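What the sequence shown shows, in full-length UniProt numbering, is residues 1 to 168, in sequence order.
No residue lacks a Cβ here, since even glycine has one placed at the ideal position from N, Cα and C.
Only a predicted model underlies this, so the values are computations on that prediction, with no experimental measurement involved.
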Amino acid sequence: MLSLRCLLMSLTGKSSLDGEEIIRVSNLSVGYSGHPILERVSFAVKKGQIVTILGTSGCGKSTLLRCLTGLLEPMDGKVFIFDVDVWDMNFPKEIRTRMGVLFQAGGLLGSFSVFDNVAFPLRESTNWPESWIRDMVYLKLEMVGLADFAHYMPSELSGGMKKRAGLA
Numbered sequence: 001m002l003s004l005r006c007l008l009m010s011l012t013g014k015s016s017l018d019g020e021e022i023i024r025v026s027n028l029s030v031g032y033s034g035h036p037i038l039e040r041v042s043f044a045v046k047k048g049q050i051v052t053i054l055g056t057s058g059c060g061k062s063t064l065l066r067c068l069t070g071l072l073e074p075m076d077g078k079v080f081i082f083d084v085d086v087w088d089m090n091f092p093k094e095i096r097t098r099m100g101v102l103f104q105a106g107g108l109l110g111s112f113s114v115f116d117n118v119a120f121p122l123r124e125s126t127n128w129p130e131s132w133i134r135d136m137v138y139l140k141l142e143m144v145g146l147a148d149f150a151h152y153m154p155s156e157l158s159g160g161m162k163k164r165a166g167l168a
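Here is the structure:
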């Protein structure tokens, strides 16, 4: 079993901030095939707080993020987003569809243009007309400074640009 040597820390240097909790993890234990990776992890993130998860390869950073986004069910414990249990069958779809994880490589599909990478989840999770999707994609790309690169392929982008495209 790997021990959790990840460090959860507030970049503000404060132990708590005024404001509501947006994320609360309570006694979370998670693993694969019955083998625990994380055991009894508890923490809270308040509105306005910036948190980073640091640790060596294999310590459970991605596993924790998968639990937070509802992609991996915990062995024990609870994850609450806005005081709603992520594993509650009534967890609002509108919250779940606004959650995601941006990994170091940016997560772009190499055979899709930047535009199509950003449009893909909108096409899959909404019934929006293509004109709305196009407008939303350009709005998102404008927000990250990549509107002029919409028709580039991921291989034509720098590492930082790939990250921004993944964020869009």
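- Message: Pairs of beta-carbons, one from the stretch 63 to 82 and one from the stretch 27 to 41, closer than 8 Å: are there three or more?
- Response: yes
- Over what stretch of residues does the alpha helix (DSSP H) that includes L109 continue unbroken? Residue numbering aside, residue 109 sits at position 109 when the sequence shown is read from its first letter. Per DSSP, L109 belongs to no alpha helix (DSSP H) and is neither H nor E.
- With a floor of 3 residues, list each beta strand (DSSP E) that falls wholly inside the UniProt domain "ABC transporter" (38 to 168), ordered by position along the chain. 51 to 54, 76 to 81
- Query: Roughly how many angstroms separate the alpha carbons of M153 and S57, rounded to a whole number?
  - Reply: Reading the sequence shown from its first residue, position 153 is the one you call residue 153. Reading the sequence shown from its first residue, position 57 is the one you call residue 57. Cα-Cα distance, rounded: 29 Å.
- Query: Between E39 and the rest of its own chain, which residues show a CB-CB distance below 6 Å, the 5 nearest in sequence each way excluded?
  - Reply: As a working mapping, residue 39 is identified with position 39 in the sequence shown. Cβ neighbours of E39 beyond the five flanking positions: S29.
- Cα-Cα separation, S33 to I23: Locating residue 33 in the sequence shown gives position 33, where the first residue counts as 1. Locating residue 23 in the sequence shown gives position 23, where the first residue counts as 1. In a straight line, the C-alpha of S33 is about 26 Å away from that of I23.
- Query: Does the distance from the CB of V114 to the CB of A165 come in under 8 Å?
  - Reply: The residue given as residue 114 occupies position 114 in the sequence shown. The residue given as residue 165 occupies position 165 in the sequence shown. In contact: V114 and A165 (Cβ atoms closer than 8 Å).
- Query: Out of curiosity, what's the CA-to-CA distance linking T126 and I133?
  - Reply: Looking up residue 126 in the sequence shown gives position 126. Looking up residue 133 in the sequence shown gives position 133. Going by the C-alpha atoms only, they are around 9 Å apart.
- Look at V51 and G70 and say whether their C-beta atoms are less than 8 Å apart. Translated into the one-based positions of the sequence shown, residue 51 becomes position 51. Translated into the one-based positions of the sequence shown, residue 70 becomes position 70. With contacts defined by Cβ atoms closer than 8 Å, V51 and G70 do not form a contacting pair.
- Give the straight-line distance between the Cα atoms of R5 and L141, rounded to the nearest whole angstrom. In the sequence shown, residue 5 corresponds to position 5, counting from 1. In the sequence shown, residue 141 corresponds to position 141, counting from 1. Only weak support exists for where R5 lies, its pLDDT of 35 falling under 50; the value from the coordinates is given anyway. When rounded, the distance between both Cα atoms is 36 Å.
- Message: Nearer than 7 Å: is that true of the beta carbon of E73 relative to any heavy atom of the ligand MN?
- Response: Absence of the ligand MN is noted for the structure shown, with no ligands found whatsoever.
- Message: Buried or exposed for V137, going by 16 or more other Cβ atoms inside 10 Å?
- Response: For this step, residue 137 is matched to residue 137 along the sequence shown. It counts as buried.
- Query: Just curious, the beta strand (DSSP E) that S33 is in, first and last residue?
  - Reply: Mapped onto the sequence shown, residue 33 falls at position 33. Counting along the chain, S33 falls outside any beta strand (DSSP E), and DSSP gives it neither H nor E.
- Query: Can you round the beta-carbon distance between L72 and T63 to whole angstroms, since I take them to be within the 8 Å contact cut?
  - Reply: As a first step, residue 72 is located in the sequence shown; it is residue number 72 there, counting from the start. As a first step, residue 63 is located in the sequence shown; it is residue number 63 there, counting from the start. Indeed they touch by this definition, with Cβ atoms about 7 Å apart.
- Task: Answer with buried or exposed for L68, where buried requires no fewer than 16 other C-beta atoms within 10 angstroms of its C-beta.
- Result: Locating residue 68 in the sequence shown gives position 68, counting from the first residue. Result: buried.
- Task: Tell me I23's beta-bridge partners as DSSP assigns them.
- Result: Within the sequence shown, numbered from 1, the residue matching residue 23 stands at position 23. Answer is V45, I81.
- For L7, which of helix, strand or coil comes out of DSSP? Working through the sequence shown from its first residue, we reach residue 7 at position 7. Note that L7 has pLDDT 37, beneath the 50 cutoff, so the model's placement of it is unreliable and no number is given.
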